[in-house]
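Q: Read in my numbering, the sequence shown has 915 at position 54, and its numbers run on one by one without any break. Yeah, the Cβ is synthetic: ideal placement off N, Cα and C, and Gly gets one too. Quick one: the structure is below, questions incoming.
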Amino acid sequence: MSIINYPIIFLGAGPGDPELITLKGRRLLDEADVIVYAGSLVNPALLDGVKAQVHDSAGMDLDAIMEIMVSAGQSGKRVVRLHTGDPAIYGAIREQMQRLDLEKIQYEVVPGVSSALASAAALKVELTVPEVTQTVIFTRQAGRTPVPEKESLQNLAALQTSMCIFLSVSMIEKVVAELIAGGYPADTPVAVVEKASWPDQRIVRATLVDIEEKIQASEIRKTAMILVGRALADDDTAVSKLYDAGFSHEYREEK
Ligand code: SAH
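Below is the structure:
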């Protein structure tokens, strides 16, 4: 009997709410024989009722993860590597894909809702407000993982865009210092969303002046997104031209 080999699937689990996975992702989880997931961030509720053998990668190194995925894949099993949010953002999938390339093993990537976007939804903000900013930066504070100097928070702050800062809430003091040193006015709105879309989601709103104090008091230390920028202010009168009666576009004539 010949073995059918399925591509290994790198799957975005979404930010936490089990309904925020794609239909395709849900189907692939249900069909999987082996699921390797990042237990520290993926909501285990996503795995309720799956028939697959499930492995938590939290305590594993890359070799151990690859060994499970490759041997299962080569014996004809359907393998899903489940990553939090979207796998393209701080997912560490590159090193896994490079190993699979070396071994000439097929794989596919299925996107998910990044926690950055789930956090914006929790805050009910538009990150791209006309005449305020039209750019969103996904970044992090340098920590044990270094960040190239030219894209330090201080350098990026000069642009005064909307920013979604991952992996950094435990370094909030440093984040604030760099953002102010780089050029955001001290009254720039900041919000921290902890566990966006989970039942125990928490939101802390502040400005660059008082966010640090509020975060220390809240004891939020991980699984949180820092959003910063003028777009978060609710006092802006800028309105998108798309729905402005005096603005014609492809689908509508100017009045
Ligand atoms: N690939 C993921 C990010 C992985 S890095 C994504 O697209 O969302 C892990 C960081 O993501 C955490 O330190 C935190 O900053 C953020 N994060 C993950 N899940 C989150 C959630 N539900 N709410 C807020 N931030 C979250």
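Flag Ile950 as yes when its Cβ comes closer than 7 Å to any non-hydrogen atom of ligand 1, and as no otherwise.
A: Yes; taking the cut-off as 7 Å, the Cβ of Ile950 has a heavy atom of ligand 1 nearer than that.
Q: Can you give me the start and stop residues for the alpha helix (DSSP H) that Glu892 sits inside?
A: Segment 884-892, the alpha helix (DSSP H) holding Glu892.
Q: May I ask you to report which of helix, strand or coil DSSP gives Val941?
A: Val941 falls in the strand class under three-state DSSP.
Q: For a quick check, are the C-beta atoms of Val1054 and Leu984 less than 8 Å apart?
A: In this structure, Leu984 lies closer than 8 Å to Val1054 by Cβ.
Q: So the candidates are Asn1016, Leu961, Val940, Met1086; which of them puts its Cα closest to the Cα of Ala1038?
A: It is Asn1016 whose Cα lies nearest to the Cα of Ala1038.
Q: Taking the alpha-carbon positions, what's the Val971 to Gly1004 distance?
A: One C-alpha to the other measures close to 29 Å.
Q: Tell me whether Lys985, by its Cβ, gets closer than 7 Å to a heavy atom of ligand 1.
A: It does not: the Cβ of Lys985 is nowhere closer than 7 Å to a heavy atom of ligand 1.
Q: Per the DSSP calculation, Gly875 is bridged to which residue(s)?
A: Paired residues: Gly946.
Q: Quick check on the DSSP output: what are the complete beta strand (DSSP E) runs of length 3 or more inside the segment 1031-1078, in order along the chain?
A: Entirely contained in the segment 1031-1078, the beta strand (DSSP E) runs reaching 3 residues are, in chain order, 1050-1055, 1063-1068.
Q: Using 8 Å as the Cβ pair cut-off and three pairs as the minimum, do the segment 921-932 and the segment 947-962 touch?
A: The segment 921-932 vs the segment 947-962: in contact.
Q: With a floor of 4 residues, list each alpha helix (DSSP H) that falls wholly inside the segment 958-1006, ordered by position along the chain.
A: Complete alpha helix (DSSP H) runs here, min 4: 976-984.
Q: Is Pro972 close to ligand 1? I mean its beta-carbon at under 7 Å from any heavy atom of the ligand.
A: No, the Cβ of Pro972 stays beyond 7 Å of every heavy atom of ligand 1.
Q: Nearest by alpha-carbon distance to Ala933: which of Thr945, Met1086, Pro868 is it?
A: Of Thr945, Met1086, Pro868, the residue nearest in Cα terms is Pro868.
Q: Compute the distance between the beta-carbons of Val940 and Val895, then report whether it is under 8 Å.
A: Yes, Cβ-Cβ distance for Val940 and Val895 is below 8 Å.
Q: Please identify the residue among Leu1040, Gln995, Pro876, Ala953 whose C-alpha is closest to the C-alpha of Ser1013.
A: Nearest option by C-alpha distance: Leu1040.
Q: Using a Cβ-based criterion (distance less than 7 Å to any ligand heavy atom), does Pro905 qualify as near ligand 1?
A: Every heavy atom of ligand 1 is 7 Å or more from the Cβ of Pro905, so no.
Q: Count the other C-beta atoms from every protein chain shown that fall within 10 angstroms of the C-beta of His1110, then say buried if there are 16 or more, exposed otherwise.
A: His1110 should be labelled exposed.
Q: Going straight from the alpha carbon of Ile1072 to that of Leu884, what length do you get?
A: Straight-line Cα distance between these residues: approximately 37 Å.
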